[in-house]
Every structure is written in structure tokens, then in C-alpha cells.
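A.B. asks: Residue numbers (our numbering): 14 to 847.
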Amino acid sequence: MSLMKSRSSLHIGNGFAKNSPGAGFPSVPAEGAKAGFPWFTPIQALWTGNPDLHPQPIDRLGALLPRTAASLRRPIKTALLLPCLWMLGGLAPAWGVPAPQPSAPPAKAVKEEPAAGTAQAAPQVEVRKTEYDFKNLGFAESIQLQGMNASSSLSIGMRRDEMVTRARLLLRYTSSPALLPDVSHIKVTLNGELAATIPLSKSEDGQEQHREIVLDPLYFSDFNQLSFQLIGHYSKECEDPRHSSIWATISNQSRLELSMRPLGVYNDLAQLPAPFFDPRDNRPMTVPFVFAARPSTAVLRTAGVVASWFGTMADYRTLRFPVTRNALPERHALVFATNNDQIPGLDLPQVEAPTLTMASHPNNPSIKLLLVLGRDETDLKTAADALVLSHALFSGESTTVRQVEYPPRRRPYDAPNWLPTDRPVKFGELVDDAAKLQVEGYAPAPIQINLRMPPDLWDGQSQGARLDLKYRYTPPAQLDGSTLDVSLNNRFVHAFRLKPDGAEIENGRFAIPLWEQSGGTRKQASLSPKFQMGGKNRLQFRFIFDDKQSGGDHCSGRPLSNVHGALDADSTIDLTNMPHYTAMPNLGLFVNNGFPFTKYADLAETTIALPERPTSVDMETFLALMGHMGKFTGIPALAFNLLTTDKIADAGDSDILVINASSSQDLLTRWEDHFPAVVGPNRRNIPVGAMSSMRALLDPDADRQAENGSAILDGEGPMAALVSFQSPLESGRTVVALMGTESDMAETIIQAMEDEGQASRINKNVVFIRQGLVEDFRVGDVYYLGNLPGKNWLRYHGAQHPLLLALAGIAGSLLLAFLAYWAQRRVSRSKSPE
Numbered sequence: 014m015s016l017m018k019s020r021s022s023l024h025i026g027n028g029f030a031k032n033s034p035g036a037g038f039p040s041v042p043a044e045g046a047k048a049g050f051p052w053f054t055p056i057q058a059l060w061t062g063n064p065d066l067h068p069q070p071i072d073r074l075g076a077l078l079p080r081t082a083a084s085l086r087r088p089i090k091t092a093l094l095l096p097c098l099w100m101l102g103g104l105a106p107a108w109g110v111p112a113p114q115p116s117a118p119p120a121k122a123v124k125e126e127p128a129a130g131t132a133q134a135a136p137q138v139e140v141r142k143t144e145y146d147f148k149n150l151g152f153a154e155s156i157q158l159q160g161m162n163a164s165s166s167l168s169i170g171m172r173r174d175e176m177v178t179r180a181r182l183l184l185r186y187t188s189s190p191a192l193l194p195d196v197s198h199i200k201v202t203l204n205g206e207l208a209a210t211i212p213l214s215k216s217e218d219g220q221e222q223h224r225e226i227v228l229d230p231l232y233f234s235d236f237n238q239l240s241f242q243l244i245g246h247y248s249k250e251c252e253d254p255r256h257s258s259i260w261a262t263i264s265n266q267s268r269l270e271l272s273m274r275p276l277g278v279y280n281d282l283a284q285l286p287a288p289f290f291d292p293r294d295n296r297p298m299t300v301p302f303v304f305a306a307r308p309s310t311a312v313l314r315t316a317g318v319v320a321s322w323f324g325t326m327a328d329y330r331t332l333r334f335p336v337t338r339n340a341l342p343e344r345h346a347l348v349f350a351t352n353n354d355q356i357p358g359l360d361l362p363q364v365e366a367p368t369l370t371m372a373s374h375p376n377n378p379s380i381k382l383l384l385v386l387g388r389d390e391t392d393l394k395t396a397a398d399a400l401v402l403s404h405a406l407f408s409g410e411s412t413t414v415r416q417v418e419y420p421p422r423r424r425p426y427d428a429p430n431w432l433p434t435d436r437p438v439k440f441g442e443l444v445d446d447a448a449k450l451q452v453e454g455y456a457p458a459p460i461q462i463n464l465r466m467p468p469d470l471w472d473g474q475s476q477g478a479r480l481d482l483k484y485r486y487t488p489p490a491q492l493d494g495s496t497l498d499v500s501l502n503n504r505f506v507h508a509f510r511l512k513p514d515g516a517e518i519e520n521g522r523f524a525i526p527l528w529e530q531s532g533g534t535r536k537q538a539s540l541s542p543k544f545q546m547g548g549k550n551r552l553q554f555r556f557i558f559d560d561k562q563s564g565g566d567h568c569s570g571r572p573l574s575n576v577h578g579a580l581d582a583d584s585t586i587d588l589t590n591m592p593h594y595t596a597m598p599n600l601g602l603f604v605n606n607g608f609p610f611t612k613y614a615d616l617a618e619t620t621i622a623l624p625e626r627p628t629s630v631d632m633e634t635f636l637a638l639m640g641h642m643g644k645f646t647g648i649p650a651l652a653f654n655l656l657t658t659d660k661i662a663d664a665g666d667s668d669i670l671v672i673n674a675s676s677s678q679d680l681l682t683r684w685e686d687h688f689p690a691v692v693g694p695n696r697r698n699i700p701v702g703a704m705s706s707m708r709a710l711l712d713p714d715a716d717r718q719a720e721n722g723s724a725i726l727d728g729e730g731p732m733a734a735l736v737s738f739q740s741p742l743e744s745g746r747t748v749v750a751l752m753g754t755e756s757d758m759a760e761t762i763i764q765a766m767e768d769e770g771q772a773s774r775i776n777k778n779v780v781f782i783r784q785g786l787v788e789d790f791r792v793g794d795v796y797y798l799g800n801l802p803g804k805n806w807l808r809y810h811g812a813q814h815p816l817l818l819a820l821a822g823i824a825g826s827l828l829l830a831f832l833a834y835w836a837q838r839r840v841s842r843s844k845s846p847e
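#1: Looking at C-alpha atoms only, which residue of Y796, G441 and M371 is the closest neighbour of D281?
#2: Closest to F608 by CA distance: which of Y426, S403, Y145 and H223 is it?
#3: Rounded to the nearest angstrom, what separates Q222 and R185 at their Cα positions?
#4: Please give the ranges of any beta strand (DSSP E) in the stretch 659-697, keeping only runs that are unbroken, at least 3 residues long and fully inside the region.
#5: Which stretch, first to last residue, makes up the alpha helix (DSSP H) that contains L600?
#6: Using the rule of at least 16 other Cβ atoms within 10 Å of the residue's Cβ for burial, across every protein chain shown, is L828 buried or exposed?
#7: From this set, T585, D389, G578 and I263, which residue's C-alpha is nearest V444's C-alpha?
#8: State buried or exposed for T761, treating a residue as buried only when at least 16 other CB atoms are found within 10 Å of its CB.
#9: Hey, does H641 have any beta-carbon neighbour from chain E nearer than 7 Å?
#10: State the DSSP-derived secondary structure class of R8, mapped to helix, strand or coil.
#11: DSSP state of F334, grouped into three classes?
#12: Could you tell me if G219 is buried or exposed, where buried requires 16 or more neighbouring beta carbons within 10 angstroms of its beta carbon?
#13: Evaluate the contact criterion for the stretch 335-353 versus the stretch 296-310: three or more CB pairs, one atom per stretch, below 8 Å.
#14: Thinking just about the alpha-carbon of each residue, which of S773, L347 and A652 is nearest to the one in L602?
#15: Helix, strand or coil, according to DSSP, for E390 in the structure here?
#16: Run through DSSP, which three-state label would F781 get?
#17: Quick one: measure Cβ to Cβ for N800 and Y484, integer angstroms, because I've assumed they're closer than 8 Å.
#18: DSSP on L527, reduced to helix/strand/coil?
#19: Give the DSSP-derived three-state secondary structure of R555 in the structure shown.
#20: Measure the beta-carbon distance from P389 to L600 and round it to whole angstroms, keeping in mind my assumption that it falls under 8 Å.
#21: Could you check where the alpha helix (DSSP H) with H641 kicks off and where it finishes?
#22: Cβ atoms of T315 and K394: under 7 Å apart, would you say?
#23: Straight-line CA distance for A350 to G387?
#24: Determine the direct distance from the alpha carbon of L786 to that of A399, and round the result to whole angstroms.
#25: The alpha helix (DSSP H) with F323 in it runs from where to where?
#26: Apply the 10 Å Cβ neighbour rule to H246 and answer buried if 16 or more other Cβ atoms are within range, or exposed otherwise.
#27: Just how far apart, CA to CA, sit S240 and D481?
#28: Alpha carbon to alpha carbon, what distance is there between Q157 and R172?
#29: Which residues does DSSP pair with N550 in a beta bridge?
#30: Taking one C-beta from the stretch 320-329 and one from the stretch 405-413 each time, how about it: are there three or more such pairs within less than 8 Å?
#31: If I measure Cβ to Cβ from D631 and keep anything under 7 Å in the same chain, skipping five residues before and after, which residues do I get?
#32: Use the C-beta contact count for T415: other C-beta atoms within 10 angstroms, 16 or more gives buried, fewer gives exposed.
#33: Is the stretch 819-827 close to the stretch 638-656, with three or more CB pairs under 8 Å?
#34: Return the bridge partner residues of I621 from the DSSP annotation.
#35: Would R422 be called buried (16 or more neighbouring beta carbons within 10 Å of its own) or exposed?
#36: In terms of residue numbering, what span does the beta strand (DSSP E) encompassing T799 cover?
Listed below in C-alpha cells is the structure:
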């Protein structure tokens, strides 16, 4: 926790202190009240004597509240009106003020406070248009509606500093031709409000149909649920509610088009991380970073810490941190500056301590800048560390940091986003809501639990990750095909029968342990090593209830949702039997988990090397990688070391990540014998050659290695490369280097890391990326990280070296034979008479 002094100025223009209950009223002229509250307009009309003020609808509560200092004309009226305004002020949020119109640049970015009694013109703001197709909203496949009242929903988040002014749903759907058109339709609702009903006609003949639906913007909120329900009937008499002819499909190519109007934001640090990142916004995370002309290594390291903090919040989003030097972008941005720095167009204040300030953009007050300031680089680091550790304590427009209390050093493999390996983990710890462990209906959607494993777990001779699963369900009337199916990463693992007499009461819960009796022994279920656990995993449990109604009678009116299934939150997954041991180098561990750098979640034993004169692209690559490190671990990277390649010898006993190694000719020359491949402008040095047959027989990892021959090629086509090898500075340490024929080729490496399909196929130590094609190769020596118990070590390496194991067996046999012969000779000599 940080100990900070908060500085908040008074907002004099409206007669209220900035943090008082009446704060937050924007200045609006009398004529602007027509867009204000309908219940307030008659009061103002009576007050000002203006009969032209008429009630008008509003878009969102708090959008327009009139400033009142200029309206208080008589003491009696003042006394009558102030209590009303005090109550309304308590309702006014920090968000929701219409964005002011961009104006000419003032002298500096300051808090703009018009004098009392002044009025602002009605803003004319740009409207942002955006499209979301259903695939980007979480549906990798089309939405299947199967059954009489089948339904499905998708979630849409809205930024708090924007409001919807227009919404249009472009729906692509297909329905069963067997449905009766006069009693069948698809119901579309937005946040529980009916948006449209789509009649289903037999004339459609199973062909895809297109439908445009205009949605009311007033129904949108911060979190939105767009739902589709199939009301389907194939007969007007008795029906089977799960009949195969009752279906409709909504294509994931359907899309939602929105027009968004920005809302003004007060300069208040309490809103952080908004408006720079809003968790309601499911678009890619893009946070511009602003520096002076040539930021030092220390300043870039400070920015890297903040980038990793944003990465902890990115979740499923891609992330980028565009770098601007000596200029301000026309969007929300972070500015890093010391008292010696200058940025054109922005008059930076001289500070006396580490300071964080929320300010308005000089050219557009609706755009916000977070100023990270300090007297020097040490102050700047302190301010950034306070931001990532204690932003929840911030309030007001500016905060001065007096002291930062740092957390204790992290232990290996204790990243919050990784499953612990020192204890069993309960399912309740892996979901944010226990309700997600329950389902209802005969064929409900699977219960899904996301797991990120430590990437270096050894599963060679272990039984995998053990599951101790307790679950409850509505017992079927008889033994039928009802099952609980378990899958990992969409690959089937096991199915468990749901028996009529299988549920038992245990500790007040209905529970069925996930084990079977076999010869009096108890066997817990395990996830087999063949399912390639590691990195991101999706553990899925699907309850399937067999709906066999007696005698085929479908007229009983049996509801579709009268059966339930649930996983107990006390169910556990146990990795304690899996030691940390893995062969290196392996870029698959890096692109999927940031390993080995993320072994310590704060990157405590990591050195990152930038070129001696890094370009803006190099800085963006560094910041994007830091964002991914935070995304992998779940905490900001506070302990890494940043230097330039000319000082890489100082890295010593640490893992090294090199940005744009192609530009560091001195490094390539010094480590020429260690780089497994080199890709740079107009030059490609790629090892070639065949392995010797004897080496392949003796070494289980021979397929990972190549001879020292190489091909040196000249070429002009774009190519990026990611290579990894053992550090020349310290054995057991790893180097990962990014290279490319052009500096901006690093973006293709970041894109490959974010593409789960491409990243999952990487498991070697040399990766080439060209024209969207990703290829990986094994080159160079193999080394191992971690520890195995002696018996497992012998078993593992013995199994991997069968020829050596055979030779060792023969040698052992000969040795035993020799010892037996020698012992027999001695016994014979002792018995023979002298």
C-alpha cells in the first residue's frame, strides 16, 4: 500500500467544492436546458421568465445539469432552489457530461473552469461508428437454437464515457422448414426489453435469411445482454419439445452496428484505469504513451511497468501501446515526463515530488491525459509504481506520492493467473460466480473452467492433474443415456453415467466422488498427459440428460428445464504430483506463457535489452511484450532490468529478452556462435545440415539439433524471426531474441503470439514468420530446467535413451557376471586345502 498526499483544487465557478456533494454540474446556458431534464425545465422557465423552455427527453441521467450560480437572482429564490440542487448534485455522476466542442489550443493542458455566470455553447461532437460481428463477441461458431424454447445470449459492454445514439442489428439466420409459421418465431430482446419478433415462414425453405432490426438506444446500458429465443412448433397437437425439427441457426457473421457519442469526463483520478482502459469495452486495448524526444532507458523501464499493469486487465483482448514522441495524440493517453522534459503543445508543470495528474488535452477538453511526473527519473519510477500498486486510493485531479511500500519478493510460480502447484485448488477459486457451476435443461451449455498451468510441468511418468470432482444432478427415473462428459480443450476425456440411485448425501450436499471402486482400491480421475496440459486450458463439463418419456407420450406437458446439474465448488484439481522440469529452449513456452521470464511473476530474474538507439517501433514492441507479461501473470512487472545491447554483459545470471537484435551488429558479432539463426536487413543466416545417425540414436533430443553448417542468403522480402538459445553469460539461463528484415516486422511476432492457433503450434527454438506463414525448427543444443526426483530422472532419461540404456544394461550384466565369477573363485580358494 502506498502512503500518498492527495491534492484536490476547489471548483469556484459553480459555488461548490470539487469533491462536495454538489460538485459535477457542467455549465449550460438557458437555451441549452431544452436538452436537459424535463422535470427541471419548468423550474428554470419560471425562474428566468423564459416561456420557450420546454421539456425534452434525455439520453442518460446526468447528461445535462444546468450551472446555477448565474441564475440565483433573489435571496428567496435562492433559498428555495438550493435544497433541490443539493439533492440533484448527489445524483450527478463523474461520468456522463456531454463532451465539450474542441477549441483552439490554450497555453497548456489545465482544468478549464469558466467564470461564474458564463455559459458554454451547445457542443457539436463527432459520432463514432463501430461494428461488432457475433464472432468477435464470443461466438466462434453459429448460435444453435434447438428445442421448443431454446435461447442464447451475447454480452456487449459500453464504455462509460460514450453513449449509444443509434443501433442497428443485421441478423443472418436459418430456420427449420418444418416449423409452423403462424405459431413460430424468434424473439429478440435487449436487456429484457422486447426489440423484435421475427416470424418464421415455410417459404424460406431452410435458406439463410437477412433481417435488419433497429434497436432503441435508450435500452443500452454499461453491460448489455442481447438475447434470442426460439418459439418453435411443428404441430398444433401433442409435441416433443426436443424434436429434431425444432431448430434455428443464427450465423456468427451477424453484426451489430452502433453509433456512439462521447461524453465528457471530469479530471478525477478515482476513475482509473478509465478512461484510458474501460473493462466494459471489448475492443482491442490501445493506450498511447507519450515521451519527450529521446526517453532514457530508466524512463522506458517506468513505462514498461505501467504497460504490464494494463496487461493484467486485458484478459482476452489484444493490446498495443502506440508511442508518440514530442507530440500529443488525439485520444486519451499517458504522458511520462521529468522536470527537464518538454513536449510541444503541453506546458508541463514543475513538480517537487512524484506526481500523478489527470488533465485535459490542450486541443480537446474531452480527451484526457494522465501525467506521470517527477523531478527526475527516480521520482518518475516512484509515481508509476504508486499508480500500479495503489491507484484504488487515488481521488481528485492530482496526487503527490510521498512513499511507496513494495510487496515482498515473489516466489517462483506464484503468478495469480497460474494454478498453484503446492496445494489442491477448489473450483470455487477458479470462477467469479458460483452460479456458473450450475446448469439446467436436458442439453445445457457446458460448464467451462479456464485454467492456466505453469508451462514447465513434467508429466512424463505422473498420472497427470488429479480431479476430485463432486457433482449434483436430478436423478433420472431409470438407467438411461444420461451422462456427465468431461473435456479438455474441446477434446473428450471421460464420461460418467448419471445413475438413478447414484446421488448420496454427504456433509449436507448431494455428491458423487469422481472415482470408481476397482478391487477395493479408490481411483481418482486424472487428466492424461496426452491432452497437452499447459498454458491456457478450458476444462469443460457437459451434463446430458436423456429425455425418454414413458410410452412415447409427449402430451404430459413436461417442462424442458425441470432437470438440473451442478458442480460443487469444493471440487478440486491437484497438480502437486507434477514437478517442474522441461527441455529448453522452447519458444512455445514463451509465446503462450512468457516462460522462463514469468517464472517469477514480477520478472525478478529478467533482463530486457533494447537497441542502443531504440526507435519508436522498438519501444512499442517492448511495451507490447510487457503488456503480455502482465497478461500472462496477472500482476505488474516491478522487478525486471532494462538495458541496451551494448551493456548486455551486465545481465549476468538472468534470462534475457532482446528486442530487435538485428539492429545490434556488435551483439550479433560477439554471440555469433550462439545465435541459431540470424535474420536482418538484406541478410539471412539460417543453419542447415543433417544430423549424424549415431547422434540421433544416442540423443533423444537429436531432432532438436543441427550441425554448424549454415546458408547465408541475400534477399529483400520481409521476414521476422524469433530465436532462443542458452545464455552465453550463464548456463541454465535462456535468451529469446526478436529479429526481422525490417524494424516493424516485430509486429508480426506480436500478432503470432496473440493468435492461439499459430501460438499453439510453436514448440521449437527457431521461428520464421513470413507472409502470415509461421514455421518453427529445432537448432542447437538442449538443456533442462527444473528438478526431478532421482528415480524419475533415471526413468525419464533412461526411457529417452534406449540405446544407452541397453548398453548400460549389458555393461551392468557383465559387471555382475564378473563379480559373481570373482566371488566364486574366492570361495573356491578358501575351501581348497593348502
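Just so it is clear, CB atoms sit at the ideal spot from N, CA and C, and this is done for glycine as well.
Small disclaimer: the values here were computed from a predicted structure and weren't measured.
C.D. replies: The short version:
#1: When each option's Cα is compared against that of D281, the closest is M371.
#2: Among Y426, S403, Y145 and H223, the Cα nearest to that of F608 is on Y426.
#3: CA-CA distance, Q222 to R185, rounds to 6 Å.
#4: Counting only runs of 3 or more, we get 668-671 and 691-693.
#5: Segment L600 to N606, the alpha helix (DSSP H) holding L600.
#6: Classification for L828: exposed.
#7: Comparing alpha carbon positions, the residue from T585, D389, G578 and I263 closest to V444 is T585.
#8: T761 is buried by the Cβ-count criterion.
#9: Judged by its chain identifiers, the structure shown contains no chain E, having just a single protein chain.
#10: Here the chain has residues from 14 to 847 only, and residue 8 is not among them.
#11: Residue state, collapsed to three classes: coil.
#12: With fewer than 16 other Cβ atoms within 10 Å, it is exposed.
#13: Because the criterion of three Cβ pairs below 8 Å is met, the stretch 335-353 and the stretch 296-310 touch.
#14: The closest CA to that of L602, considering only S773, L347 and A652, is found on S773.
#15: Correct three-state label for E390: helix.
#16: If DSSP states are grouped into helix, strand and coil, F781 belongs with the strands.
#17: Not quite, the Cβ-Cβ distance comes to about 36 Å (not below 8 Å), so this is no contact.
#18: Because the pLDDT at L527 is just 36, under 50, the model does not fix this residue reliably, and the value given afterwards should be weighed accordingly. In the structure shown, L527 sits in coil (DSSP, three-state: anything other than H, G, I, E or B).
#19: DSSP places R555 in strand when its eight states are reduced to three.
#20: Per the sequence shown, residue 389 should be read as Asp rather than Pro. Contact doesn't hold; Cβ gap of about 38 Å is too wide.
#21: Here the alpha helix (DSSP H) through H641 covers S629 to T646.
#22: The beta carbons of K394 and T315 sit closer together than 7 Å.
#23: Roughly 7 Å separates the two Cα atoms.
#24: If you draw a straight line from the Cα of A399 to the Cα of L786, it is about 42 Å long.
#25: Element bounds for F323: T310 to A327.
#26: By the neighbour-count rule (16 or more Cβ atoms within 10 Å), H246 is buried.
#27: When the Cα atoms are used, S240 and D481 turn out to be separated by approximately 35 Å.
#28: When only Cα atoms are considered, R172 and Q157 end up about 29 Å apart.
#29: Its beta-bridge partners are L464.
#30: Because the criterion of three Cβ pairs below 8 Å is not met, the stretch 320-329 and the stretch 405-413 do not touch.
#31: Correct list, in chain order: L623, P624, I672, N673 and S756.
#32: Reading the sequence as shown, one finds Arg at residue 415 and not Thr. By the Cβ neighbour-count rule, R415 is exposed, with fewer than 16 other Cβ atoms within 10 Å of its own.
#33: Flag = no, the stretch 819-827 and the stretch 638-656 do not touch.
#34: According to DSSP, I621 bridges with L655 and L670.
#35: Exposed.
#36: Contrary to the premise, residue 799 reads as Gly rather than Thr in this sequence. In this chain, the beta strand (DSSP E) harbouring G799 covers Y796 to G799.
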